[in-house]
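Here's the structure we're looking at; comments come further down.
Protein chains: 2
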Amino acid sequence: MTKLTEAQISDKLANLEGWELNDNALETTFEFQNFKEAFTLMTRIAFECEAQNHHPDWSNVYNKLNIRLNTHDAGGVTEKDFKLAETIEALVSTNPE
Amino acid sequence: MTKLTEAQISDKLANLEGWELNDNALETTFEFQNFKEAFTLMTRIAFECEAQNHHPDWSNVYNKLNIRLNTHDAGGVTEKDFKLAETIEALVSTNPE
Numbered sequence: 002m003t004k005l006t007e008a009q010i011s012d013k014l015a016n017l018e019g020w021e022l023n024d025n026a027l028e029t030t031f032e033f034q035n036f037k038e039a040f041t042l043m044t045r046i047a048f049e050c051e052a053q054n055h056h057p058d059w060s061n062v063y064n065k066l067n068i069r070l071n072t073h074d075a076g077g078v079t080e081k082d083f084k085l086a087e088t089i090e091a092l093v094s095t096n097p098e
Numbered sequence: 002m003t004k005l006t007e008a009q010i011s012d013k014l015a016n017l018e019g020w021e022l023n024d025n026a027l028e029t030t031f032e033f034q035n036f037k038e039a040f041t042l043m044t045r046i047a048f049e050c051e052a053q054n055h056h057p058d059w060s061n062v063y064n065k066l067n068i069r070l071n072t073h074d075a076g077g078v079t080e081k082d083f084k085l086a087e088t089i090e091a092l093v094s095t096n097p098e
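Protein chains in written order, with this note's numbering: chain A, 2 to 98; chain B, 2 to 98.
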């Protein structure tokens, strides 16, 4: 898995609203109604991470969820990170209000 | 819920191995076999947080889980934080290996 260049990352981020390159990782923050909603989404994400064998650096405080994705072995952002980011977006977009 | 004094916190921390007062919060880090084990414990903790209506500031990277507890409304550590910390310890101690 090869580290993407900044130009490649910029191109791909154009199709991924709400995410940005921050400190060598793809990063976003979601805000939910409450803790239960935030953790419900985390659980759905967790299963997909396990299936993709790729895991986030994430933190949660009550209704807020911050997610950072990078590929440690490659020393940067790779296709694996974009794949997981797209999966997360798909889960969020189908999350019940 | 009243903020505890540093002396009160020190006394109580003596009975709570692995936790420390750090930047105005009770803090600890757990390390598990892998992501699945870490997230399993997070899920068990999440239900208890919801039941206690008290929520952590926590972050996870693969098999590591960092937890910080304080009571925002009181501006520091209260009995609620110790109660949740003790609950978390009880869950960890009964976690299957």
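All residues carry an ideal CB built from backbone N, CA and C; glycine is no exception. Computed from a prediction, not measured in an experiment: that's the story for all the values here.
| request: Taking only heavy atoms of the ligand COA into account, decide whether any of them is closer than 7 Å to the Cβ of A:W20. | output: Because no ligand of any kind appears in the structure shown, any question about the ligand COA cannot be addressed here.
| query | Does the beta-carbon of A:N71 have 16 or more other beta-carbons within 10 angstroms, so that it is buried, or is it exposed? | reply | Buried, by the Cβ-count rule.
| A:F40, enclosing beta strand (DSSP E) - first and last residue | DSSP places A:F40 outside any beta strand (DSSP E); the residue lies instead in the alpha helix (DSSP H), whose first and last residues are F36 to Q53.
| message | Spatial neighbours of B:F36 within its chain, please: C-beta separation below 7 Å, excluding the five flanking residues on both sides. | response | The residues Y63 and N64, in chain order, have a CB closer than 7 Å to that of B:F36 in the same chain once the five nearest residues on each side in sequence are set aside.
| task | For the stretch 36 to 49 of chain A, enumerate the residues whose C-beta is nearer than 7 Å to any C-beta of chain B, in chain order. | result | Answer in chain order: F36, K37, F40, T44 and A47.
| query | Any Cβ of chain A within less than 8 Å of the Cβ of B:N25? | reply | Cβ-Cβ to chain A under 8 Å: no for B:N25.
| query | Taking A:N25 as the reference, which of A:V93, A:S94 and A:D74 has the closest Cα? | reply | For the residues A:V93, A:S94 and A:D74, the minimum Cα distance to A:N25 belongs to A:D74.
| field | Endpoints, the alpha helix (DSSP H) within which A:L14 is located | value | Boundaries of the alpha helix (DSSP H) around A:L14: E7 to L14.
| query | If you measure from the beta carbon of A:V93 to each beta carbon in chain B, is any gap under 8 Å? | reply | A:V93 has a beta carbon lying at 8 Å or more from every beta carbon in chain B.
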